[in-house]
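These protein sequence lines are chains A and B, in that order. Residue numbering for the first sequence follows my numbering, starting at 1 and increasing by one per position. Residue numbering for the second sequence follows my numbering, starting at 1001 and increasing by one per position. For glycine and all other residues, C-beta sits at the position ideal for the given N, C-alpha and C. None of these values were measured; they are calculated from a predicted model.
There are 2 protein chains.
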Amino acid sequence: MGEARVRGRPRGFDEGRALDAAVRLFRAEGYDGASVDRLCREMRVPRATLYDRFGGKEGLFLAAVARYADTRIAPVLAALGPAGALREDLTAFYEAVIALATADREEAPGCLVSCALADAAGAHPRFRGELAARYDAMEERITARLKAAEWDGRATTSPESAAALAASIARGLILAARSGAGTAELRPTAEAAVRALLTLHHEGTLGHG
Amino acid sequence: MGEARVRGRPRGFDEGRALDAAVRLFRAEGYDGASVDRLCREMRVPRATLYDRFGGKEGLFLAAVARYADTRIAPVLAALGPAGALREDLTAFYEAVIALATADREEAPGCLVSCALADAAGAHPRFRGELAARYDAMEERITARLKAAEWDGRATTSPESAAALAASIARGLILAARSGAGTAELRPTAEAAVRALLTLHHEGTLGHG
DNA sequence: GTCATTTCAGAACATTCGTTCTGTAACTTG
DNA sequence: CAAGTTACAGAACGAATGTTCTGAAATGAC
C-alpha cells in the first residue's frame, strides 16, 4: 500500500474524488450537457492536467464510467450473493438497484450507464461498445447466480434468457426513477419482478419437466 | 378535410415530415447533440420559421416527442389489443417494442423517449415531467389491458404493479437494443417476459386465492 | 393594384464549446 | 546546488452553439 512517490510536482487533487465529481456532473447533465469548463471546476482539476491524464472529454467520460462501475454498480452485483435463497438475493439485488437509481434524487436520479452513456451511445460507436460491455457483464453475473440456484436446461426458460429478463427489469426500474418515481413506487414493481422470476423458475423445474 | 387556406406565403415544407426528420436526428444524436443548424437543414425548415412555429429548440424537441408518440408508440400500444388471449396480445406488444427499438438500427437503435428524453430529463425539469407523463400513459394502458383479462385484486400482484413490471421490461429491452442487441437476441427475452407475466397472473388466480 | 400577413434566405449576435499553448511552480534525483 | 520531470494557472484558439434580426418573396383579402 506504499505511496510510490513519482518525480515531478505532486497533484493537488485526489483522482478518485475528482472522478466522483465527474460522475455526478455527467449523470445529471449527460455527456454533451456537461461542459469541460464545469467539469474542471467541480473536479478541481486544471484543464491542462485533465487533458494530460484523460486525453480529453471522451477519455474522461470513459474513466468516469469505470469509476461508477467500480464504486456504484459493483455493490449492486455483490448483493446477488449467493448469500441466501434465490428469493432473498434477488430481493436484495433489486433493492440495491432502487438505491442506486434514487441516490442524489433531488438533483438527478438515474444511472450514469443507462441514461448518460446510453444516450451518448447513439452518436459515438466507442460508447455503444462500452454500453454493450457493461450490460454483458451484468447479465453474465446474473446468469451465474441463477445457475448457482440450479437453474439449468431443465427449465422452460434458459438461465441466460432469465438473466437478460432480470437485467432488463433493472434497467426499466432505473428509467422509472429517472422520470421521478421514488422508492415507494419502485418497490412493488421490484417485488413483482422477484415473484415473476421465481415462478419462471418453478414452472420449469416443477411443472411439465 | 378541406385545406383551410390561410393568408400569407404558404410553407415550403410538410410539418409532419419535418418533425419526422427532427425525430430521426434527436433519436440518434440526443437533445444536446442535435444542433439547430443540422435540424434546420435536415428538416428543410428555415431557422426563422422554426422559431416561429416551435418557439425554439426546447419546443421543437417536445413537438418531436409528441410526433414520435403519435406515429411510433401508438402502434405499440395498439398491439396490446385486446385482440386475442392475453398471451397473444403480450407477445404482439413486445414484438412491436422490439421493432420500435431496432428500427433504423444502422444509424441509431433505441427510443426517443427512453434514450434522448430520459437523458435530457436530468437537466431540464420540463423534460422530466414529460418523461413521467409518457411513462404513466403507457402503464395505464397496460393496466387496462390486464384488467380486461380479469387480472384484479384476487391476484397476489396487483394489475398496476404487473403493468409497471411489464412496462419496465419494455424499457429494458429498448436499452438492450441501444447497446446493439438485435431481434434475435431480444426475442428470447421477450418470450421469457410473457411467460413470467402469465405465471404471475395464474399464481394469483389459480393458486392460494 | 394595394394592403396585410406569413414565410423565406441569410447575415449577424454574443456565448460557449473542446482543445492547445505559454510560462511558472513544486517536487525527486544526482 | 543543478538538472529533470510533473503539475499548475490562465490566456488564447478557431469553431460551433442557440437565438435574433433584416429585408425580400409569395400568398389571400379588398
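First through last residue of the alpha helix (DSSP H) which encompasses residue i
| i | result |
| --- | --- |
| F1013/B | Note, F1013/B: premise wrong, no alpha helix (DSSP H); not H, not E. |
| V65/A | K57 to Y68 |
| R1087/B | L1086 to T1102 |
| Y1051/B | R1047 to F1054 |
| V1036/B | V1036 to M1043 |
| L1077/B | A1074 to A1078 |
Straight-line gap, residue i to residue j (C-alpha atoms, nearest Å)
| i | j | result |
| --- | --- | --- |
| A149/A | E191/A | 19 Å |
| R105/A | A1155/B | 32 Å |
| R1128/B | G16/A | 30 Å |
| G84/A | T1183/B | 35 Å |
| A1167/B | H1201/B | 16 Å |
| A74/A | G1012/B | 54 Å |
| L1080/B | R1007/B | 43 Å |
| Y1135/B | L1060/B | 20 Å |
| L198/A | T189/A | 14 Å |
| C1115/B | R1072/B | 15 Å |
| L1100/B | A118/A | 16 Å |
| A1170/B | V1045/B | 34 Å |
| A1120/B | S35/A | 15 Å |
| E160/A | R1009/B | 60 Å |
| F54/A | E1058/B | 32 Å |
| G209/A | E203/A | The predicted position of G209/A is uncertain, since its pLDDT is 31 and thus under 50; no value can be drawn from it. |
| A196/A | E1139/B | 18 Å |
| A22/A | E42/A | 8 Å |
| A1123/B | A28/A | 6 Å |
| T143/A | C1040/B | 47 Å |
| A63/A | K1147/B | 47 Å |
| A1133/B | L86/A | 35 Å |
| A78/A | I98/A | 14 Å |
| P1082/B | E1095/B | 15 Å |
| D1032/B | G30/A | 9 Å |
| L1186/B | V1194/B | 13 Å |
| W1151/B | Y68/A | 40 Å |
Beta carbon proximity, residue i to chain A, threshold 8 Å
| i | result |
| --- | --- |
| Y1068/B | no |
| E1203/B | yes |
| R1072/B | no |
| D1152/B | no |
| G1059/B | no |
| D1118/B | Strictly speaking, residue 1118/B in this sequence is Ala, with Asp absent from that position. By this cut-off, A1118/B is an interface position. |
| R1195/B | yes |
| L1200/B | yes |
| R1145/B | no |
| A1164/B | yes |
| A1176/B | yes |
| R1128/B | yes |
| L1131/B | yes |
Cutoff 8 Å: residue i Cβ touching any chain B Cβ
| i | result |
| --- | --- |
| E106/A | no |
| S35/A | no |
| R213/A | For residue 213/A there is no data in the structure shown, the boundaries of chain A being 1 and 209. |
| H208/A | Confidence in H208/A is poor, its pLDDT being 38 and thus under 50, which makes the residue's placement too unreliable to answer from. |
| E29/A | yes |
| P75/A | no |
| G56/A | no |
| T189/A | yes |
| C115/A | yes |
| T157/A | yes |
| Y135/A | yes |
| R171/A | yes |
| G122/A | yes |
| G110/A | yes |
| G182/A | no |
| A18/A | no |
| D52/A | no |
| D32/A | yes |
| A22/A | no |
| A192/A | yes |
| A101/A | no |
| A149/A | no |
Check: residue i C-beta below 7 Å from any heavy atom of the ligand ZN
| i | result |
| --- | --- |
| T1199/B | Ligands in the displayed structure: none, and consequently the ligand ZN is not present. |
Runs of 3 residues minimum, wholly inside the region 131-181 of chain A: which ones carry the beta strand (DSSP E) assignment?
none
Would you call the region 1040-1053 of chain B and the region 1084-1098 of chain B in contact, with 3 or more CB pairs under 8 Å?
no
Does the region 166-182 of chain A touch the region 95-110 of chain A, meaning 3 or more C-beta pairs lie closer than 8 Å?
yes
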